[in-house]
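Residues in the sequence shown are numbered from 5 upward in steps of one, following the working numbering.
Just so it is clear, CB atoms sit at the ideal spot from N, CA and C, and this is done for glycine as well.
Here the structure is a predicted model, which means the values were calculated and not measured.
One structure is given here, and the rest of the page talks about it.
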Amino acid sequence: MSGPAREASRGPMADLPSQPPLDDPAFAELKRRIIARTGHAYYEDKDASLWERLRRRIRASGAGNAAGYAALLADAAEGEAEWAALEAAITIGETFFFRDAGQFAALRDTILPGLIGRRAESRRLRIWSAGCSTGAEPYSVAILLRRLLGAAHREWSISILGTDISDAALEAARAARFSPWALRGMDLEERLRDFLPVEGNQAWQLRPEHRGTVRFERQNLLGLLDDSLPLSMTGFDLILCRNVLIYFDRDTVPALVRALGERLVPDGWLLLGHAEPDPSFGAFLRAIALTGTTAWRPMEPGVAPPPALPSPAASPSPSPVPPVAAPHLAPPSPIEAPVREAAPPRPTPVPGPLVSPAAPITPAPAEDRRALVDRARAEADSGALDAARATLRAGLRAHPTDAAMQLLDGLVARALGDMAAAEAALRRALYLDSGFVAAHYQLGLLLLDRGAAEAGRRSMANAARLARALPGDTVLEEGDGMTAETLLGLVRHHLGGMQAPLDGGRA
Numbered sequence: 005m006s007g008p009a010r011e012a013s014r015g016p017m018a019d020l021p022s023q024p025p026l027d028d029p030a031f032a033e034l035k036r037r038i039i040a041r042t043g044h045a046y047y048e049d050k051d052a053s054l055w056e057r058l059r060r061r062i063r064a065s066g067a068g069n070a071a072g073y074a075a076l077l078a079d080a081a082e083g084e085a086e087w088a089a090l091e092a093a094i095t096i097g098e099t100f101f102f103r104d105a106g107q108f109a110a111l112r113d114t115i116l117p118g119l120i121g122r123r124a125e126s127r128r129l130r131i132w133s134a135g136c137s138t139g140a141e142p143y144s145v146a147i148l149l150r151r152l153l154g155a156a157h158r159e160w161s162i163s164i165l166g167t168d169i170s171d172a173a174l175e176a177a178r179a180a181r182f183s184p185w186a187l188r189g190m191d192l193e194e195r196l197r198d199f200l201p202v203e204g205n206q207a208w209q210l211r212p213e214h215r216g217t218v219r220f221e222r223q224n225l226l227g228l229l230d231d232s233l234p235l236s237m238t239g240f241d242l243i244l245c246r247n248v249l250i251y252f253d254r255d256t257v258p259a260l261v262r263a264l265g266e267r268l269v270p271d272g273w274l275l276l277g278h279a280e281p282d283p284s285f286g287a288f289l290r291a292i293a294l295t296g297t298t299a300w301r302p303m304e305p306g307v308a309p310p311p312a313l314p315s316p317a318a319s320p321s322p323s324p325v326p327p328v329a330a331p332h333l334a335p336p337s338p339i340e341a342p343v344r345e346a347a348p349p350r351p352t353p354v355p356g357p358l359v360s361p362a363a364p365i366t367p368a369p370a371e372d373r374r375a376l377v378d379r380a381r382a383e384a385d386s387g388a389l390d391a392a393r394a395t396l397r398a399g400l401r402a403h404p405t406d407a408a409m410q411l412l413d414g415l416v417a418r419a420l421g422d423m424a425a426a427e428a429a430l431r432r433a434l435y436l437d438s439g440f441v442a443a444h445y446q447l448g449l450l451l452l453d454r455g456a457a458e459a460g461r462r463s464m465a466n467a468a469r470l471a472r473a474l475p476g477d478t479v480l481e482e483g484d485g486m487t488a489e490t491l492l493g494l495v496r497h498h499l500g501g502m503q504a505p506l507d508g509g510r511a
């Protein structure tokens, strides 16, 4: 949109409302076009989250208002460039190294050792990270493979492909420079092993040896359904498509998962996000129960699939949640861990109930609080940690008794290097909810990193005591999909050298 056209559509910036303009037909049309182009039906009932991202692009582009922005997207000269910027704004999501401790433990102990053993003759591995965002996932796999193979790594031909719809995310992935926020699950020793501090320790550059096997391409997952993906994108040993399917509508997801399975070799593996499995997947893939997660494999030839369970009733997509620490990558057993066929997924979107053992505090209005948390997380994920902190401070002034917001404030403070503020925020979260397992665990990690071994041990033991009281497959509140069983394994790792009982105590 140029000159007079843009001026005609421009409205005063101050007129942009903070809440989604549900009575504005231009907003409704933008929402329809975004979902149609990207397939991200996630935003069908997420008006506040979508509007927050649209507001940023309306301001940045100078379009003035929703109608002006719709005209800009339709402009023959400038529309495609703005679409690229908008797609980046709505698709760059939560990403950090070794996200989901249970799944990376399964990769370390079972999936990758098994593939390495079966590919010992060809010494070739092909891996696809679908919806890779800024690259933390494929690079995490690259780091893990180098640990597993050791000196033999140089004798292998390893190809790790990361794809995403966002050009901005892919540009950041290729740069391989990350903020402390993206490394928040790694202690200092691990960071120095795999990264180089740059910009006065304000950022971390991935070491060159971890980048050589990873490449990035712009691809839309919907290309699986219209045959627009390159023919070379098949025959993968492992596909990771985690926390991506939540963006698509319920009718599209099974077709995407079936198509992903068809891109695997016969003995390949597929990993999905914890909240994404559906009983209908059992009609075309085998569910394999591993410690801490469920993985999927192609059907064995000649074996009929089990009867599919009814699909679960529609439910809101899970909101983003603050993370927990990554698994420390201890050397694996040389023998592939045993696997077993999983029972068909239960008709529920997560493997266990979302719980916090303590009685909850009466919540403030969920929409306002959720919008603030979403904004802070989006700012932190984009590297704007100071902006995220400011958003959280504003949110906590309005909702001072929100334990989850206090936890996120602590994680952001830690990423900024303000350890005293991080500890104070985590302790406030525990004051508000003494049964907050993730907060006990994060406080334990922080204290151990600060050299407070005894206090850190007590916090870890508190987390373990609370987790042990829950069914093993319970998904911990604000734990990024981590189960009680996975947390217990991580606590044992952290306390293994301390010979400390896991019986709890005051931190």
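| Can you tell me the Cα-Cα spacing of S126 and R374, whole angstroms? | Near 50 Å, if we compare the C-alpha coordinates of R374 and S126.
| task | Would you list the one or two residues that DSSP bridges to W273? | result | L242
| Between R432 and Q446, is the Cβ-Cβ spacing less than 8 Å? | Their beta carbons are not under 8 Å apart, which means R432 does not touch Q446 by this criterion.
| DSSP beta-bridge partners of T167 | In DSSP, T167 forms a bridge with A134, E221.
| Can you tell me the Cα-Cα spacing of I62 and L376, whole angstroms? | 19 Å
| said: Quick check on this structure: which residue in R469, L499, A468 has the alpha carbon closest to the alpha carbon of D453? | reply: When each option's Cα is compared against that of D453, the closest is L499.
| Are R397 and L420 closer than 8 Å when you measure CB to CB? | no
| Distance CB(D282)-CB(R222) smaller than 8 Å | no
| In chain order, what residues of the same chain have a beta carbon less than 8 Å from the beta carbon of H44, not counting five sequence neighbours either side? | So the list reads I38, I94, T95, Y251, F252, once near-sequence residues are dropped.
| said: Using only the alpha-carbon positions, how far apart do G166 and T217 sit? | reply: G166 and T217: Cα-Cα distance of roughly 11 Å.
| query | Who are T487's beta bridge partners in DSSP? | reply | V479
| query | Quick one: what does DSSP say T42 is sitting in, helix, strand or coil? | reply | helix
| task | Whole angstroms is fine: what's the gap from Q23's alpha carbon to L229's? | result | 35 Å
| request: Look up V441 in the DSSP assignment and say whether it is helix, strand or coil. | output: helix
| request: Under 8 Å by Cβ, that's how I've got G296 and T490 pegged, so tell me the actual separation to the nearest angstrom. | output: 4 Å
| message | Taking the beta carbon of S236 as the centre, do at least 16 other beta carbons fall within 10 Å, making it buried, or is it exposed? | response | exposed
| Between N205 and E193, what straight-line distance do the alpha-carbon atoms span, to the nearest angstrom? | 14 Å
| Within the chosen definition, does the segment 128-139 reach the segment 285-296 through at least 3 CB pairs nearer than 8 Å? | no
| query | Among V416, L249, T405, which residue has its Cα nearest to the Cα of A384? | reply | V416
| said: Can you give me the C-alpha to C-alpha distance between E33 and S163, rounded to a whole angstrom? | reply: 41 Å
| query | Using a Cβ-Cβ cut-off of 6 Å (strictly less than) and excluding sequence neighbours within five positions of A488, which residues of its own chain qualify? | reply | Around A488: A471, L474, G476, T478.
| said: Buried or exposed for R36, going by 16 or more other Cβ atoms inside 10 Å? | reply: exposed
| Within the segment 178-240, ranges of the alpha helix (DSSP H) (whole runs, at least 4 residues) | The qualifying runs are 192-198, 227-230.
| task | Could you say if the segment 70-90 and the segment 52-62 meet the contact criterion of at least three C-beta pairs nearer than 8 Å? | result | yes
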